[in-house]
Amino acid sequence: MKGRLSNQSVASALERAGHSGAAGRMFLWAGTKGAQRPNERRTIYQKIREYDILDKRKTVTALKAGEDRAILLGLSMIFFSVMMYFVLGITMVRSYSDSVWTEESSCTVLNSSIIAEINCSYSCGAECWKSSRYPCLQVYVSLNSSGRVLRLSHNEEAQEANPECFYVPKCRKDHAMMHTLVVNISERLKTQHQVPCYYDPAEQQDSVLLTRLYGSSAIFSSLLWPTCTLVMGMLIVAMVKLTQYLSILCEQISRIKRTGLSPLADALPSLDSAKKGNSMV
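In the numbering used here, the protein residues as written are -18 to 262.
Below, the structure is given as structure tokens:
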């Protein structure tokens, strides 16, 4: 009997241990499962937060790259306009300032005739030059403002090339074509008795010009596009810098708001606990 009782007690003890072990394992499994839920929530929240941070970083990086390109474009436009100012300053503006034919008046054509044949040379290839001739058309006019008889030139280039001739055509192989061109100009001047002309107000030059290559209108039109380019480049750089300044200012304001609200958020739990304590009392 004692053996049987001892065997039964051992079996019952083993069953109890098994039940308690199973219950413990169930308790541990449930406990670990329940403990993992907040961690899972936290990890999901952290992943979402990381995605948001990455998106913000990508946006900030893209904006910064766009701002850098805009600043580079603006600086390139400014540099291009400065170079254009330099080139125009040593060419057109300098010629305009050095010109002495500044006053405009009207002239009466007195004589227009071909006086000679002038030798010239034209290019026929690399290091190849051949000679030709062009007719020299000489035109005399009377300046209506003073009555002086002066020699008429087409523009500054013709005056510099040959002051005796009204028009200096481009040297070509076909001499007959150049002769026909000069004759047509002479006949047209004979039909127009009154022509506009530019003269030297100091009366130091014995010639007048029919047209000016470097007049005020030509200077204005040539300086218009570099000025527009310069203004546009400066506006682009100024707008980018203003945008950066406003973004920094907004970020500082948001930080100030966050730091101002955090002490209130920390003080709210203490106020709630104090209210609960007062209500319990």
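Virtual Cβ for every residue (Gly too), placed ideally from N, Cα, C.
The continuous stretches of alpha helix (DSSP H) do not include residue 194, and DSSP gives it neither H nor E.
The three-state secondary structure of residue 152, taken from DSSP, is coil.
With a threshold of 16 other beta carbon atoms within 10 Å, residue 139 meets it and is buried.
Assignment of residue 94 by DSSP, reduced to helix, strand and coil, places it in the strand class. For residue 132, the uninterrupted beta strand (DSSP E) run begins and ends at 130 to 134, by DSSP.
Here the stretch 121 to 139 makes no contact with the stretch 156 to 164; the two share fewer than three CB pairs at distances below 8 Å. Around the Cβ of residue 147, a 10 Å sphere holds 16 or more other Cβ atoms; the residue is buried. A residue is called buried once 16 or more other Cβ atoms fall within 10 Å of its Cβ, and residue 135 is buried on that count. By the CB criterion at 9 Å, residue 62 and residue 211 fall inside the cutoff. Measuring C-alpha to C-alpha distances from residue 166 to each of 153, 149, 177, 156 identifies 149 as the nearest. Residue 121 sits away from residue 143, with the two beta carbons spaced by 9 Å or more.
As the crow flies, the alpha-carbon of residue 46 is around 12 Å from that of residue 221. For residue 140, the enclosing alpha helix (DSSP H) has its first and last residue at 137 to 142. Below 8 Å, enough C-beta pairs join the stretch 177 to 194 and the stretch 78 to 89 to call them touching: three or more. With a 10 Å radius around the Cβ and a threshold of 16 neighbouring Cβ atoms, residue 58 comes out buried.
113 is the residue among 133, 236, 75, 113 whose C-alpha sits nearest the C-alpha of residue 157. The bridge partners DSSP lists for residue 89 are 123, 175. Nearest in C-alpha terms to residue 101, of all of 115, 203, 176, 177, is 115. Residue 219 has its alpha-carbon roughly 21 Å from the corresponding atom of residue 205.
DSSP, read as helix, strand or coil, puts residue 113 in strand. Between residue 77 and residue 180, the C-beta gap is not smaller than 9 Å, which leaves the two residues out of contact. For residue 79, the enclosing alpha helix (DSSP H) has its first and last residue at 75 to 79.
About 13 Å separates the beta carbon of residue 193 from that of residue 141, a gap too long to meet the 8 Å contact definition.
Looking only at 155, 68, 170, the smallest Cα-Cα distance to residue 118 is reached by 170.
Only residues of its own chain outside the window of five on either side were considered, and among them 69, 73 have a CB closer than 7 Å to the CB of residue 203, listed in chain order. Contact between residue 65 and residue 182 fails: their C-beta atoms lie close to 31 Å from each other, not under 8 Å.
DSSP, reduced to helix, strand and coil, places residue 231 within a helical segment of the structure shown. In terms of Cα proximity to residue 151, the closest of 56, 130, 104 is 104. Rounded to whole angstroms, the Cβ separation of residue 81 and residue 185 is 7 Å, and the two are in contact under 8 Å. In the three-state reduction of the DSSP assignment, residue 48 falls in the helix class, which pools H, G and I.
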